[in-house]
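Working notes, structure below.
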Amino acid sequence: MNQPNIIFILCDDLGINDLHCYGREDHCTPNLDRLAREGTRFTSAYASQAICSASRAGILTGLNPARLHLTTFLPGRPDAASQRVLHPEIMMHVPLSIKTWPRYFKELGYVTGLIGKWHIGSEPGPREHGFDFVYHPGDAKDTEPSASEGGKAEFELTGETLRFIEENRDQPFVAYLGHFTPHIPYCARADLVEKHKDAFEPVYAALVETLDTTVGLLLDKLEAYGLAENTIVVFTSDNGGLHVPELEHQRVTHNTPFRAGKGYVYEGGQRVPLIVRWPGRVPAGRVIDTPVNNVDWIPTLMELAGASPPDGLDGVSFAAGLLGGDMPERPLFWHFPHYTNQGGRPSGAMREGDWLLVEMYDEARAELYDLSADIGESLDLSVEEPGRLAAMRAALEAWRQSNDVQSNTPNPECDEAFFRRLYIDTDPSRFDPLTADTAQWQTIQEWRQGMNAATRKT
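Sequence positions in the sequence shown follow the working numbering and run 143 to 600.
Here's what the structure looks like:
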């Protein structure tokens, strides 16, 4: 068998429930539904961090963001008087001393291309890290909707990906396509917005359909070139969907039944859509609920390409499980020592089996949830399960120690009343856009104004 080609499609802030094949009835995604029918869909796929830059660093290095000391978005949210603890200083890039995708795959004879969003530091950038082909319009593209398309450069990026495929179809290739969709601000074609006028958020639904259309273009071109049978297509997102407003008067998506969203260690922030297709090799129509993490991609794809997974990575290959065998099971850990623009707080988490531990670093408090009975994380069982709580906290602490993670320090200028207003009196992790009434929307808009004021006072 020839080495498989690899197309890795990474969306920006697409929630696990944003696709029709994941149960979202008000979104139209026929091409991604087809991909799921022809491939395997994961229901417990996790980001290595619930925020963009850190998660992308995890994907491209196979290392946990905590180990990289790149644990939030770049350049990060500034410290503020509304915060009880100070952020640690983060790495502003992935250094060249750390191997990323292109170096691993070029050693196997692949030509490598990055099209779209990078967002893990400009010096060094994707070219310095070794990508053979780079179409990188700049990470500011996510705030510059394309007037000509009425979207966010989805067709532009897909066109460059198709060009890369056409030029390299006679040799094994890896195409990493980083979309800017559906990151705020939202912008979509007027006719699609009208088509989705009854959706929860019409502009967002139109963006999702545009994204789906471009996936269809890629799948059709693979068929036309005779490459479909020997091409692995991966479709996923960097983190969960945005569930609180970041821009005034713009609704967002919802992650219901999961709690919270982007910027939180709760399930709505960490779980992401994941579909993998490799005709004749990856079982069609299969659904896998075993947890996987996006640091697993380097070892998994390398094994699928016929190579041994490299040593020293945090990621674990699930290639055998993807091909129909047993999936590896192990605990998953997160360290997120940051306040976020979405209202997330410095925290850590661990998933072991059906149990999820959440630690709040600015309160020295822990929560424990049984996801098998409480997928929405509404019932904290830390009091009822003291033994399990203690064991999981000890395991999480041991993991932090072994990875030399960065810690928060007390904020000597904290305004305790301001902190309580933004993080205690209103708990944005509990806000559910799908079920919120007018009063709850008013409360969250007032909370947003307070969050914006906090950074202005810095």
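Ideal Cβ placement from N, Cα and C applies to all residues, glycine included. Nothing here was measured: the structure is a model prediction, and the numbers come from that model.
Can you grab the Cα-Cα spacing for the pair residue i / residue j, in whole Å?
i, j, result
"L319", "K259", "8 angstroms"
"P172", "A447", "29 angstroms"
"A461", "I440", "11 angstroms"
"T300", "T356", "6 angstroms"
"Q587", "T580", "11 angstroms"
"A187", "Q584", "33 angstroms"
"R305", "V276", "12 angstroms"
"D284", "G293", "Confidence at D284 is low in this model, with a pLDDT of 45, below 50, so its placement is unreliable and the value that follows should be read with caution. Spanning the two alpha carbons is a distance of roughly 10 angstroms."
"I149", "Q392", "33 angstroms"
"R245", "V350", "32 angstroms"
"F560", "D569", "13 angstroms"
"H321", "L353", "9 angstroms"
"L177", "E296", "18 angstroms"
"P387", "H211", "28 angstroms"
"M593", "A196", "22 angstroms"
What first and last residue would you give for the alpha helix (DSSP H) that runs through residue i?
i, result
"M444", "439–446"
"L334", "332–337"
"I307", "296–309"
"N173", "172–180"
"W583", "580–598"
"V345", "344–366"
For the beta strand (DSSP E) holding residue i, just list the boundary residues, first then last.
i, result
"W476", "474–478"
"C153", "147–153"
"G405", "Note, G405: premise wrong, no beta strand (DSSP E); not H, not E."
Going by C-alpha distance, which of the options is nearest residue i?
i, options, result
"M233", "E388, R209, T398", "R209"
"Q313", "F215, S514, Q145, T585", "Q145"
"L334", "D512, A595, D168, F560", "D168"
"L576", "S239, G383, V316", "G383"
"G204", "T568, D567, D456", "D456"
"F247", "R487, M444, L531", "M444"
"A536", "M492, F561, Y503", "M492"
"C163", "L369, G427, A348", "G427"
"N147", "V407, N435, L361", "L361"
"N206", "R219, V236, H229, G218", "V236"
Per DSSP, what kind of secondary structure is residue i in: helix, strand or coil?
i, result
"M234", "coil"
"I240", "coil"
"D380", "coil"
"T601", "Residue 601 falls outside the range modelled here, since the chain spans only 143 to 600, and no answer is possible."
"Y565", "helix"
"A537", "helix"
"Y246", "helix"
"D190", "A quick correction: the sequence has Ser, not Asp, at residue 190. In this structure, S190 counts as coil in the three-state DSSP scheme."
"L210", "helix"
"T203", "helix"
"S520", "coil"
"L416", "strand"
"N550", "coil"
"N638", "Residue 638 cannot be examined here, being either before or after the span of the chain that is shown, 143 to 600."
"N159", "coil"
Does residue i come within less than 7 angstroms of chain D when only Cβ atoms are used?
i, result
"G320", "In the structure shown, chain D cannot be found, because there is only a single protein chain."
**Asked** Would you say the stretch 465–478 touches the stretch 536–552, given that touching needs at least three Cβ pairs under 8 angstroms?
**Response** yes
**Request:** Determine contact between the stretch 170–185 and the stretch 410–421, defined as no fewer than three beta-carbon pairs at a distance below 8 angstroms.
**Result:** yes
**Prompt:** Hey, is the stretch 216–235 in contact with the stretch 553–561, meaning 3+ C-beta pairs nearer than 8 angstroms?
**Reply:** yes
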